[in-house]
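Mapping the sequence shown onto the working numbering, position 69 (from 1) lands on 72, and the numbers just tick up by one. Note that beta-carbon positions come from the ideal geometry of N, C-alpha and C, so glycine has one too. Worksheet for the structure shown next.
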Amino acid sequence: MIFGIGTDLCAADRMAAKLQKPAFVQRVFSPAEQALLNERGGTHRAETAAANFAAKEAFLKAAGTGLGGFALTDLAVLRKESGAPYFALTGPAAEWTAANALTPHLSLTHENGLACAFVILEQNK
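Following this line, the structure appears as structure tokens:
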């Protein structure tokens with residue numbers, strides 16, 4: 004059963020400017036995400052950061068909590084070896100998801116400087 008659906012859009016050029024601020028990067032991206040971003044250069048780095056940020060906001064919309072629901076670093080967005088994105092949840096976000104028997108599903112795309120994320124929270128009860 005679907006618990007919630009969320010989507011969000013983020014501009015890569017806006018994210019490129021934000022990535023210049025270390026405090027922003029540490030507040031928004033987990034250490035694993037920071038490592039992922041550091042592996043990517045130039046435009047691809049900004050696109051990845053924008054997609055990850057959009058995924059976090061889409062998750063919060065699907066959860067119905069709004070932007071203050073969980074720490075953004077607890078909503079890490081990583082990539083499988085195949086390149087498929089997934090959430091690596093920690094802290095209160097992981098506890099809440101487990102307590103509600105939820106499985107997050109994530110799809111990301113980016114084109115023409117925009118990154119889009121779509122999240123479905125599936126309830127496993």
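* May I have the straight-line CA-CA distance separating residue 17 from residue 6, to the nearest angstrom? => In the sequence shown, the residue the question calls residue 17 occupies position 14. In the sequence shown, the residue the question calls residue 6 occupies position 3. So the alpha carbons of these two residues sit roughly 31 angstroms apart.
* Asked: If you run the structure through DSSP and keep just helix, strand and coil, what is residue 125?
  -> Position 122 of the sequence shown, counting from 1, holds the residue named residue 125. The answer is strand: DSSP assigns residue 125 an E or B state.
* Sub-7 angstroms separation of residue 137 and residue 78 beta-carbons -> Nothing can be reported for residue 137, as the shown portion of the chain is limited to 4 through 128.
* Asked: Given a threshold of 16 other Cβ atoms within 10 Å of its Cβ, counted over all protein chains shown, does residue 12 qualify as buried or as exposed?
  -> Working through the sequence shown from its first residue, we reach residue 12 at position 9. By the neighbour-count rule (16 or more Cβ atoms within 10 Å), residue 12 is not buried but exposed.
* In whole angstroms, what separates the C-alpha of residue 125 from that of residue 25? -> One-based indexing of the sequence shown puts residue 125 at position 122. One-based indexing of the sequence shown puts residue 25 at position 22. The C-alpha of residue 125 lies about 34 angstroms from the C-alpha of residue 25.
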